[in-house]
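Take 11 as the starting number for the sequence shown in the numbering used here and just add one per residue.
Think of the CB as a built atom: it goes at the ideal place given N, C-alpha and C, for glycine as much as any other residue.
Comments concern the structure below.
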Amino acid sequence: AMFGFYWAVKGGIFGPLPSDADLNNISNATATEVFSADEKLIGKIFSENRTNAKLEDLPQNLLDALVATEDARFYQHEGVDNRSVLRVVFKTILMGDASSGGGSTITQQLAKNLYGRSDFSILSIPVNKLKEIILANRLEELYSKEELLEFYLNTVPFSDNTYGIEAASFRFFSKKPKALHAEESAVLIGMLKASTYYNPRLHPDHSLGRRNVVLGQMQRYGYLEKEEADSLQSLPLTLNYTNVARDSYAPYFMKRVRSKAHELLEKQTDKKGEPIDIEKDGLKIYTTLNLDMQLAAQKAMRVNMAKLQKVFDRQLKGSVRKTYPEVYNSALKNSNYYKHLLDLKLNEDSLEYHLTKVHPVQVYYAGTDTVLQMSTQDSIEYYVKLLHSGFMVMQPQSGAILAYEGGLNYRFLPYDLVQAPRQAASTFKPFVYATALSMGADPCYYISNDREVYQEYDDWSPGNYDDNYEGYYSMRGALRKSINVAAVRTLMSTGINNVTAKISQMGISSEIPNDPSIALGSASISLYEMVQGYAVFANGGFRVEPYFIEKIESASGELLYQHKVQEPKRVLPKEVAMMMNNMLQSVVDSGTAVKLRNTYGLRNDLAGKTGTSQNYSDGWFIGYNPHLVAGSWVGASSPQVHFSSGRYGSGSAMALPIFGDFMKSIQRNVQLSFYSKASFEPLPKQVMRMMDCPDYKDSKFLDGFFDGFGKNRKMKETFKDDNGEAPKEEEGFLKRLFKKRK
């Protein structure tokens with residue numbers, strides 16, 4: 011009967027066994043690794059968190075610990091330990107005692123890890139055990155003992171949902187397997203007996219005891235001397251835990267990489283003709299991310315947002331439910347828990363009970379997470395008043411994304427705020443002036459600061475931040491002081507359609523309304539697009555497309571994708587870009603962003619623009635030099651939740667500090683001097699003469715007013731449009747620019 015049962019299993023009655031070809035081509039589902047620009051691991055993409063280690067990367071102490079603990083006669087048997095088989099037959103199979111000890115050799119365990127087990131009802135144990143015995147014998151014929159150990163250590167599951175020794179070694183000790191000490195190897199091998207119970211992070215006392223058992227086994231079988239074993243057993247349990255799978259250096263960036271990699275490899279196949287699976291095929295993705303910049307951005311955002319949140323919490327002295335009832339009620343009714351309670355058809359009292367019952371809640375808090383005692387209502391209120399931020403850094407010549415923080419904490423706040431459209435506020439104004447200049451306007455034409463009423467737009471009358479409407483401003487003066495009246499007048503003179511067409515050329519694809527309020531940033535635009543738009547100024551007038559994947563390789567090193575450098579398209583004359591740089595440098599040197607100089611002590615060449623939307627709902631700052639463009643946005647999830655004044659709610663108070671701390675970190679890093687010490691090209695003499703005028707004049711009868719006509723003609727001769735022709739000035743440009751409206 012036993013003989014017949016053996017042949018039934020071997021013959022495939024209970025399912026076919028792997029062929030020799032299958033056994034000769036063993037492969038594991040292997041995690042794809044994602045690297046920064048300097049080839050540091052920043053994250054993984056996987057169905058099982060596994061990367062395969064080579065035999066030469068496995069230290070002898072690890073192999074000794076495995077053999078001594080799991081299969082002491084491994085080097086003597088040929089896949090099956092006869093003593094263990096007898097125990098399995100009499101205790102496990104005949105007596106049905108599944109807890110008596112499997113008696114499986116390492117090779118049998120490998121067979122189980124590779125091909126799993128199936129359900130055959132009451133025959134499950136004998137069929138599966140016999141299959142593993144048969145496969146173990148065949149594996150021993152095909153592979154050396156060392157190769158079998160390599161396969162085993164690459165397939166076995168460890169604690170914390172890690173697969174294979176390389177992932178486990180990095181997770182618990184932040185090192186490659188080759189660097190493991192004997193006591194560390196013993197910890198990892200020890201957890202194989204029960205990966206949860208002996209998890210050193212969750213149960214260090216269990217893990218320590220099991221580690222010492224493994225070290226004792228190594229002494230028993232001659233792999234360690236007694237003195238050495240005793241010494242190692244007396245050491246404390248020390249971990250260097252890293253969960254790069256969950257706590258990636260750039261989780262929002264990783265999400266973008268994952269999506270883009272799927273798109274790039276969608277139609278590609280591997281050598282077998284199978285579709286490439288980025289979760290299982292062990293690819294290597296090399297990105298543009300600069301890890302030092304990413305860490306600096308992360309720190310700057312979290313430190314400044316923690317400070318700002320404390321100030322905001324103090325301002326909100328009353329209950330959020332009372333201060334923002336509409337926002338609170340909307341958030342509550344959209345929460346999953348509230349919807350679940352409604353599905354239960356609870357009466358009003360029961361519903362109130364569940365919503366107000368206090369219980370432990372894990373929430374995001376000041377750069378990390380914590381557990382607070384609060385009710386569901388409290389937690390909704392907590393997140394309604396939470397301020398958020400997005401930050402992105404790009405290289406303006408190439409479009410390479412250097413740092414990317416889509417929010418404060420991906421685990422709790424996964425919505426990517428770099429991609430979220432919000433009112434651009436005054437960061438939009440440079441696009442208005444750039445369009446006017448590219449059409450031939452003179453930067454030294456003085457723009458009236460008188461307040462106007464635009465009757466054709468429902469008597470709309472834009473006001474200035476300081477409520478001052480005296481005098482005249484040059485373009486540079488108007489931009490430096492962020493004068494609303496001047497920006498709208500310039501927009502109306504230039505033409506709304508001309509401005510929207512220009513920003514589309516510069517890379518902004520968001521829908522822009524046909525309304526004069528866009529001059530003040532009423533349009534909703536993402537931080538991603540704004541950084542791309544400002545890159546045109548930084549690189550001398552060219553549009554570049556942001557990108558973040560340099561190349562993708564297969565597990566064997568075959569090149570699957572290589573980023574192709576696109577020919578940049580000129581969208582602004584060089585002289586216009588240089589003028590905009592000069593104007594935006596004045597914003598940093600003595601305008602709304604002067605804090606970068608007098609508070610953060612930044613002395614390098616910088617240009618930029620602050621932005622504050624209506625009611626202080628959105629705070630912006632976009633700053634740059636010729637080698638780096640960085641943008642930050644700050645605000646609550648709902649625009650209705652905001653500061654009550656510009657003291658803390660302006661772009662210079664909310665968003666600029668993130669950029670300031672980021673740039674200070676960049677300047678201190680000698681490896682990043684290329685980015686921090688970049689200087690703007692000096693203005694040519696002709697352009698310098700065009701801009702040689704005071705920022706402000708208080709006389710309504712400007713001296714030399716009509717001298718500007720000559721300058722304008724020179725500009726029109728100098729600047730060329732995209733077709734290489736002198737730009738055409740709209741009829742009545744000056745008249746529209748300076749006329750007053752009732």
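Problem - Residue nearest to D753 in terms of C-alpha spacing, selected from N625, K707, R607, E568 - result: Outside the shown range of the chain (11 to 752) lies residue 753, about which nothing can therefore be said.
Problem - Alpha-carbon to alpha-carbon, Q572 and S149 - result: Residue numbering aside, residue 149 sits at position 139 when the sequence shown is read from its first letter. Residue numbering aside, residue 572 sits at position 562 when the sequence shown is read from its first letter. It is worth fixing the name first, because residue 149 is Leu in this sequence and not Ser. Roughly 39 Å separates the two Cα atoms.
Practice task
Note the first and the last residue of the continuous beta strand (DSSP E) segment covering S534.
Solution key: On the sequence shown, residue 534 is found 524 positions in, with the first residue counted as 1. Note, S534: beta strand (DSSP E), 534 to 536.
Problem - Close-in-space but distant-in-sequence residues of the same chain around I143 (CB under 6 Å, 5 per side omitted) - result: Working through the sequence shown from its first residue, we reach residue 143 at position 133. If we look at I143 and ignore the five residues flanking it on each side, its Cβ neighbours are V90.
Exercise for the section: Assign K320 to one of two classes, buried (16 or more other C-beta atoms within 10 Å of its C-beta) or exposed (fewer than that). Expected result: Here residue 320 corresponds to residue number 310 of the sequence shown, with the count starting at 1. Label assigned to K320: exposed.
Problem - Test item: CB-CB of S184 and T252 under 8 Å - result: Position 174 of the sequence shown, counted from the start, is the residue given in the question as residue 184. Position 242 of the sequence shown, counted from the start, is the residue given in the question as residue 252. Yes. Within cutoff.
Problem - Same chain, Cβ closer than 6 Å to S399, five either side skipped, listed in chain order - result: Residue mapping note: residue 399 aligns to position 389 of the sequence shown, counting from 1. Excluding residues within five positions, the ones whose Cβ falls inside 6 Å are M311, M315, V644.
Handout entry: First through last residue of the beta strand (DSSP E) which encompasses M404
Key = Working through the sequence shown from its first residue, we reach residue 404 at position 394. 397 to 404 is the extent of the beta strand (DSSP E) around M404.
Practice task
Flag this pair as yes or no: are the beta carbons of Q405 and L638 separated by less than 8 Å?
Solution key: Walking along the sequence shown from the start, residue 405 turns up at place 395. Walking along the sequence shown from the start, residue 638 turns up at place 628. Yes, the pair counts as a contact, with Cβ atoms nearer than the cut-off.
Practice task
Ignoring anything shorter than 3 residues or poking outside the stretch 301 to 378, list the beta strand (DSSP E) runs there in chain order.
Solution key: 369 to 375
Problem - Neighbourhood of K327 by C-beta, 7 Å cutoff - its chain only, sequence neighbours within 5 removed - result: The residue you call residue 327 lines up with position 317 of the sequence shown. Excluding residues within five positions, none has a Cβ falling inside 7 Å.
Practice task
Following the continuous beta strand (DSSP E) through F45, name the residue where it begins and the one where it ends.
Solution key: Sequence index remark: in the sequence shown, residue 45 carries index 35 (1-based). Note, F45: beta strand (DSSP E), 42 to 45.
Practice task
On the DSSP bridge assignment, give the partners of G641 in chain order.
Solution key: Position 631 of the sequence shown, counting from 1, holds the residue named residue 641. Beta-bridge pairing links G641 to M402, I632.
Problem - Delimiting residues of the alpha helix (DSSP H) encompassing K605 - result: Counted from its first residue, the sequence shown places residue 605 at position 595. Taken as a continuous stretch (DSSP letters only), the alpha helix (DSSP H) holding K605 covers 605 to 608.
Exercise for the section: Tell me whether Y557 sits in a helix, a strand or coil according to DSSP, three-state version. Expected result: Taking the first residue of the sequence shown as 1, we reach residue 557 at position 547. Looking at Y557 - three-state DSSP - the assignment turns out to be strand.
Exercise for the section: For the stretch 204 to 232, list the alpha helix (DSSP H) runs that are entirely contained and at least 4 residues long, ordered along the chain. Expected result: Taken in chain order, the whole alpha helix (DSSP H) runs of length 4 or more contained in the stretch 204 to 232 are 214 to 230.
Practice task
Report the residue from T622, M664, V598 whose alpha carbon sits nearest the alpha carbon of Y634.
Solution key: The residue given as residue 634 occupies position 624 in the sequence shown. Measuring from the Cα of Y634, the nearest candidate turns out to be V598.
Exercise for the section: Using the DSSP secondary-structure output, state which residues sit across from E563 in a beta bridge. Expected result: By 1-based counting over the sequence shown, the position of residue 563 is 553. The partner list for E563 (beta bridge, DSSP) reads K294, L569.
Problem - Neighbour-count burial assignment, E160, 16 or more Cβ in a 10 Å radius - result: On the sequence shown, position 150 is the one that residue 160 refers to. The residue is buried, with at least 16 neighbouring Cβ atoms inside 10 Å.
Exercise for the section: Taking 8 Å as the cut-off, decide whether the C-beta atoms of T268 and I55 are in contact. Expected result: Looking up residue 268 in the sequence shown gives position 258. Looking up residue 55 in the sequence shown gives position 45. Residue identity differs from the one stated: residue 268 is Arg in this sequence, not Thr. Going by C-beta atoms, R268 is nearer than 8 Å to I55.
Practice task
Let me know if M698 comes out buried or exposed under the rule of 16 or more other beta-carbons within 10 Å of its beta-carbon.
Solution key: Position 688 of the sequence shown holds residue 698. Result: exposed.
Handout entry: 6 Å Cβ shell around N625 - same chain, five flanking residues per side excluded
Key = Stepping through the sequence shown from its first residue, residue 625 is reached at position 615. H652.
Problem - Same chain only: Cβ atoms within 8 Å of S471, ignoring 5 sequence neighbours per side - result: Locating residue 471 in the sequence shown gives position 461, counting from the first residue. Contacts found: R461, E462, V463, Y464.
Problem - Where S29 falls: helix, strand or coil (DSSP) - result: By one-based count along the sequence shown, residue 29 stands at place 19. S29 falls in the coil class under three-state DSSP.
Practice task
Mark E539 as exposed unless 16 or more other C-beta atoms lie within 10 angstroms of its C-beta, in which case mark it buried.
Solution key: Counting from 1 along the sequence shown, the entry for residue 539 is found at position 529. Result: buried.
Problem - Cα-Cα separation between F24 and M228, rounded to whole angstroms - result: For this step, residue 24 is matched to residue 14 along the sequence shown. For this step, residue 228 is matched to residue 218 along the sequence shown. Straight-line Cα distance between these residues: approximately 39 Å.
Exercise for the section: Please name the residue, chosen from L218, A376, Y259, K265, that lies closest to L301 on a Cα-to-Cα basis. Expected result: Here residue 301 is taken as the residue at index 291 of the sequence shown, counted from 1. Among L218, A376, Y259, K265, the Cα nearest to that of L301 is on Y259.
Handout entry: C-alpha distance - D30 paired with I132, whole-angstrom precision
Key = Residue numbering aside, residue 30 sits at position 20 when the sequence shown is read from its first letter. Residue numbering aside, residue 132 sits at position 122 when the sequence shown is read from its first letter. The straight-line gap from Cα to Cα measures roughly 29 Å.
Handout entry: Residue from E358, L361, T386 with nearest C-alpha to V371
Key = In the sequence shown, counting from the first residue as 1, residue 371 sits at position 361. Comparing Cα positions, the closest option is T386.
Practice task
Go through its chain and collect everything with a Cβ distance to S689's Cβ below 6 Å, but skip five positions before and after it.
Solution key: As a position in the sequence shown, residue 689 is number 679, starting the count at 1. Within the same chain, S689 has close Cβ partners D615.
Practice task
Can you tell me which of the three DSSP states A63 falls into?
Solution key: Residue mapping note: residue 63 aligns to position 53 of the sequence shown, counting from 1. DSSP places A63 in coil when its eight states are reduced to three.
Exercise for the section: Measure the CB-CB distance between G174 and N62 and report whether it falls below 8 Å. Expected result: Reading the sequence shown from its first residue, position 164 is the one you call residue 174. Reading the sequence shown from its first residue, position 52 is the one you call residue 62. Yes, the Cβ-Cβ distance between G174 and N62 is below 8 Å.
Exercise for the section: Could you name the residues of the same chain whose beta carbon sits closer than 8 Å to that of F684, not counting the 5 residues immediately before and after it, in chain order? Expected result: Translated into the one-based positions of the sequence shown, residue 684 becomes position 674. Cβ within range, chain order: H637.
Exercise for the section: Can you check DSSP and say which residues form a bridge with V381? Expected result: Looking up residue 381 in the sequence shown gives position 371. Paired residues: Q372.
Problem - L569 classed as buried or exposed, judged by whether at least 16 other C-beta atoms fall within 10 angstroms - result: By 1-based counting over the sequence shown, the position of residue 569 is 559. Looking at its Cβ environment, which holds fewer than 16 other Cβ atoms inside 10 Å, L569 is exposed.
Handout entry: Contact the stretch 521 to 535 vs the stretch 431 to 442: 3+ CB pairs below 8 Å
Key = yes
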